[in-house]
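So the structure is just underneath, and the comments pick up after that.
Residue numbers (UniProt numbering): 1 to 405.
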């Protein structure tokens, strides 16, 4: 994946800056040509001469940034870049990138770069968990930037926490799983794709509902990948805390019935459907008109539930031969067996089965691992990687299925 790539490595002010030198070496071993941008803060930890010696190329810094001869270094470097990699990325650098600042060599080069971008954070755990940092992280993701999850381990402060810089070998391994080629393609040009996302809510009363742990991240990643592949995308989404993907039409829903109505109404005009939403299996038989109150003479609340509409079963009954329908199976046991049963029963073209019992992947996390089950019987398991990478792989499979129809 990195063979013959031009990688611009931005190193920012962090105790982990010295690992940037080892990362440059690992990138070279993977076949990349590396050039480095060093922030002013990073130069207090490691020198430009170190990176110049390792990469055999000039290092871009704020010193002597502008030239009277008309040469614009950051634009030249941005145009040269096949992959922009910020590692280690401090909280300050992430804030600059997320807000589109261009007040130094690093942020100006980043802003001018049209190539795929990856951020590898490194900071104290409290800084990583701060609301501002997480808000900036979400903005970067919405802008199409890959943000790797920092490691949990011993920090420079002497205690353990999340925010530790990933080891250079781990970074290069993860880069190998990411979609680092052109972000916008025409694989689904002319196709109208419906994508569902989030966890549906079933009301108990005006203030309470039954739902699940879905964050919507997988569905939003699929919608983004489909839009970048040239599709006209309609995202039908339950409530989430995620920013709306650029260029996507959003249809908000809450309940499973509302999701079913939205999907079945739009299906005839669509070329395909990706059901990434986590749909509630049951709903209350009746929902109270007023808030259910606790009483002194009753310590229990008994709920009567009924099945929710089976959306994919209804889709199967209305699906045209030229349409592509993809389902997800979130399982805690018998993953492949249950997934294949769903694939066959719902007449799907493709099913992505994932084990949501694992703490390191699935609901709410940024990473996932799925096994793609195809209608012809073969399967393909992804590595544990970002949901954006999995979404890109899924959309490439969808494009292949369209070509076969």
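C-beta atoms are modelled at their ideal positions from N, C-alpha and C, and glycine is treated no differently. In this text, all values refer to a predicted model and were calculated from it rather than measured experimentally.
Excluding the 5 residues flanking it on each side, residue 276 has same chain C-beta neighbours closer than 7 Å at 195, 196, 197, 218, 219, 222, 328, in chain order. The beta carbon of residue 43 lies closer than 7 Å to those of 61 in the same chain, with the five residues before and after it left out. Considered as a whole, the segment 305 to 382 harbours 311 to 318, 335 to 345 as its complete alpha helix (DSSP H) runs of no fewer than 4 residues, in chain order. Under the DSSP assignment, residue 292 falls outside any beta strand (DSSP E); it carries neither an H nor an E label.
Straight across, the Cα-Cα distance linking residue 380 with residue 102 is about 42 Å.
Residue pairing by DSSP places residue 83 opposite 7 in a beta bridge. Taking the C-beta atoms as reference points, residue 33 is found nearer than 8 Å to residue 7. Residue 161 is positioned such that its CB atom lies closer than 8 Å to that of residue 125. By DSSP's assignment, residue 275 forms a beta bridge with 196, 327. DSSP lists 210 as the bridge partner or partners of residue 202.
Between residue 230 and residue 188, the CB-CB gap stays under 8 Å. Between residue 374 and the set 311, 348, 321, the nearest pair of CA atoms involves 348. The criterion of a C-beta distance shorter than 8 Å is satisfied by residue 178 and residue 146.
Per DSSP, reduced to three states, the secondary structure at residue 51 is helical. Residues of the same chain with a CB within less than 6 Å of the CB of residue 142, apart from the 5 flanking positions on each side, are 243 in chain order.
Boundaries of the beta strand (DSSP E) harbouring residue 233: 232 to 237, taken from the DSSP string. Shown here for residue 112: same chain residues with a beta carbon closer than 7 Å to its own, the five before and five after excluded, namely 74, 75, 78 in chain order. By the CB criterion at 8 Å, residue 308 and residue 256 fall inside the cutoff.
By the 16-neighbour rule on beta-carbons within 10 angstroms, residue 201 is buried. The Cβ-Cβ distance between residue 191 and residue 372 does not fall below 8 Å. Excluding the 5 residues flanking it on each side, residue 151 has same chain C-beta neighbours closer than 6 Å at 164, 166, in chain order. The beta-bridge partner set that DSSP reports for residue 282 consists of 307.
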